[in-house]
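Worksheet: one structure, shown below.
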Amino acid sequence: MTNYPELTTYIKKNIDVDEHDLKIILSYFKPIEKDKNEILLAHGKVSEVSYFILEGCLRIFYINDVDKEVTRYIAFENHWATALVSFITNEPAQETIQVIEKSKILYISHDDFRHLMKTIPKWKEFYSIYLEKAYVNNSKRLMSFTTLDASERYNQLFKINPTIVKRLPNKIVASYINISQETLSRIKSKI
């Protein structure tokens, strides 16, 4: 078993966990490598794993009522990605998880994740912090859609997470900030 230094750092940044418990936690994670455009979770399937990205990028998206892709979340290195509602409820996902760049990923199964919460109290604390961050992130994004115009949303994204703008195609960036590709091109041409 490897110690997964990126995941170790991430965990220790969020909770104060002793080395014994940390080794147990890390033992439940498995590495995988995925190619660009692979689907990790298809719409309608139950989300049975949670991912931690070591290298690369994943996106979580859904298809809206006019058959347009809407990107809900983008995860680069040292971030988590899962179809959280499905992961929590064990119901079919309304979202798809796609590999955007060739990626090295760690994953943990739903059952192992829940087992750790029962056996290692600090992991339950970690999960609570994770859920709080997810809620805050989603709330801020939703608020930006109702209070900011397209240009302001782009500028906010560039300020908060320029990696998205720099590494991803316009189609995905536009989908993430809920504007058309044409609008995004106009905004970028003015900057």
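Heads up: the sequence shown begins at 11 in my numbering, then just goes up one per residue.
Built from N, CA and C at the ideal position, the CB exists for glycine as well.
- For residue 180 and residue 64, the gap between their C-alpha atoms comes out near 24 Å.
- Considered as a whole, the region 69-156 harbours 94-99 and 120-129 as its complete alpha helix (DSSP H) runs of no fewer than 4 residues, in chain order.
- Spanning the alpha carbons of residue 157 and residue 166 requires a straight line of approximately 12 Å.
- Using a Cβ-Cβ distance cut-off of 8 Å, the region 146-163 and the region 118-127 are not in contact, since fewer than three pairs of beta carbons, one from each stretch, lie closer than that value.
- The beta carbon of residue 197 lies closer than 6 Å to those of 161 and 164 in the same chain, with the five residues before and after it left out.
- Between residue 73 and residue 89, the C-beta spacing is not below 9 Å.
- Its chain contains 174, 175 and 194 as the residues whose beta carbon lies nearer than 7 Å to that of residue 183, once the 5 sequence neighbours on both sides are disregarded; these appear in chain order.
- Residue 57 is a Cβ neighbour of residue 103, given a cutoff of 9 Å.
- Counting along the chain, the unbroken alpha helix (DSSP H) around residue 169 starts and ends at 160-170.
- Within 10 angstroms of the beta-carbon of residue 17 lie 16 or more other beta-carbons, which makes it buried.
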